[in-house]
Amino acid sequence: MSLNKIQKRFLRPEFVHRPQQAFQAMLQKLLGVRPGPVRRILPWGYPVWVEPQDYIGHRVLRHGLTALEACETSFRLLDPGDVAADVGANYGVVTAAMVAAVGKTGTVTAVEMHPKTFAALQRNVNEWDTGGTTVRLIQAAASDRSGEIIACESEDYASNSGVGYVTHQVHHENHRQRKVSSDRLDHLLNGKAPVFLKLDVERHELEALRGAGELISNHSVPHLLVEDLVGRTPVKDLLQDAGYTLFELECDLRGPKVCPVNFERPFQDGVCSDILATKNPDEVRRRFESPGYRCLN
Numbered sequence: 001m002s003l004n005k006i007q008k009r010f011l012r013p014e015f016v017h018r019p020q021q022a023f024q025a026m027l028q029k030l031l032g033v034r035p036g037p038v039r040r041i042l043p044w045g046y047p048v049w050v051e052p053q054d055y056i057g058h059r060v061l062r063h064g065l066t067a068l069e070a071c072e073t074s075f076r077l078l079d080p081g082d083v084a085a086d087v088g089a090n091y092g093v094v095t096a097a098m099v100a101a102v103g104k105t106g107t108v109t110a111v112e113m114h115p116k117t118f119a120a121l122q123r124n125v126n127e128w129d130t131g132g133t134t135v136r137l138i139q140a141a142a143s144d145r146s147g148e149i150i151a152c153e154s155e156d157y158a159s160n161s162g163v164g165y166v167t168h169q170v171h172h173e174n175h176r177q178r179k180v181s182s183d184r185l186d187h188l189l190n191g192k193a194p195v196f197l198k199l200d201v202e203r204h205e206l207e208a209l210r211g212a213g214e215l216i217s218n219h220s221v222p223h224l225l226v227e228d229l230v231g232r233t234p235v236k237d238l239l240q241d242a243g244y245t246l247f248e249l250e251c252d253l254r255g256p257k258v259c260p261v262n263f264e265r266p267f268q269d270g271v272c273s274d275i276l277a278t279k280n281p282d283e284v285r286r287r288f289e290s291p292g293y294r295c296l297n
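Sequential numbering of the sequence shown, starting at 1, is according to the UniProt record's numbering.
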């Protein structure tokens, strides 16, 4: 392995701030991982069961967690007693970060549409000793209307549960399809606006945000983290029109950074970034000032 490949693989925040994780990753590479669900403890102490053959599960086993940006944002923006929402929860890694951040007096809602992934999410949440945190699990797709929607699995779904998506109109006949329940976030969240909402629903973000129109237009949700394609997009336009200040969230070895969004960045299909939309930009800057990673301590 070349020096550049070694640096790219191991000079990561997950390894630099948690050297023991680098050792575990090397050991895992040498010994391999048995097939079937594997139990791992997240850096803040919550266990999760993951599938090693799955892309997200593999990242948890190698790096100790996944969605570093969303996990760190949860710890920086949420306080004990807050309300949070993880929409597109998958195995529940970000859900676990939210639960740890809001503490026993807080509330976290996790929304996951795929039946198999939702079952894995339930299993994980049932193992957590939350000390009394209210955790609501909802099996549904967040969209712009209530009823049913088509859930699709692309060819690589078996190796990456994160690529399951929902659509009102199927474009790929070779994608496996099933109908799942859908609802607006205004309804799914029972009108209880979260302090922080993370949204990652595989290019259905625009429809999901439209389904949260009441919460967003009333300025009820101070902070949202949305995975979005780079450049100028309808998602960014919707959030800006609603009065949000947008940052692009980046993570390097020193810690997370909130940067101005580059709207002129050329579109690249499949290339996404994490957009932090906030009603309180000064508070966000203040909370992201300190270096390091709270989710890796």
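All C-beta atoms, glycine included, are put in the ideal place defined by N, C-alpha and C.
This one's a predicted model, so the numbers in the text were calculated from it and none came from an experiment.
Residue state for D79 is assigned as coil, using DSSP reduced to three classes. Cβ-Cβ separation between L225 and G88: approximately 11 Å, too far for a contact (criterion under 8 Å).
By the C-beta density criterion, H219 is exposed, having fewer than 16 other C-beta atoms within 10 angstroms.
For L296 and L189, the gap between their C-alpha atoms comes out near 29 Å. Shown here, R40 sits in a strand according to DSSP, grouped into three states.
In terms of Cβ geometry, T95 and T134 do not form a close pair [threshold 8 Å]. Taken through DSSP and simplified to helix, strand or coil, V271 comes out as coil.
With a 10 Å radius around the Cβ and a threshold of 16 neighbouring Cβ atoms, A119 comes out exposed. Going by DSSP, A110 is part of the beta strand (DSSP E) stretching over T107 to E112. The three-state secondary structure of V258, taken from DSSP, is strand. DSSP links V180 through a beta bridge to I149. Proximity to R178 across E148, L246, Q240 and E112 peaks at E148, based on C-alpha coordinates.
For a cut-off of 8 Å, the C-beta gap from A151 to V180 is around 5 Å, short enough to register as a contact. Residue R184 holds the alpha-carbon nearest to the alpha-carbon of I138 among R184, P281 and R34.
Separation of K192 and T109 (C-alpha to C-alpha, rounded to the nearest whole angstrom) is 10 Å.
In the DSSP assignment, D200 falls outside any beta strand (DSSP E) and carries neither an H nor an E. Going by C-alpha positions, Q268 is about 28 Å away from R62. Judged by DSSP secondary structure, P47 falls within the beta strand (DSSP E) whose first and last residues are P47 to V50.
About 26 Å separates the beta carbon of H187 from that of E153, a gap too long to meet the 8 Å contact definition. Separation of T245 and E207 (C-alpha to C-alpha, rounded to the nearest whole angstrom) is 20 Å. Annotation: D228 is outside any alpha helix (DSSP H); the continuous beta strand (DSSP E) that includes it extends over H223 to L229. Looking at the backbone, the Cα of S143 and that of L30 are separated by about 43 Å.
Annotation: the continuous beta strand (DSSP E) that includes T134 extends over T134 to Q139.
Contact check for P256 against V221 fails: the beta carbons are separated by 8 Å or more.
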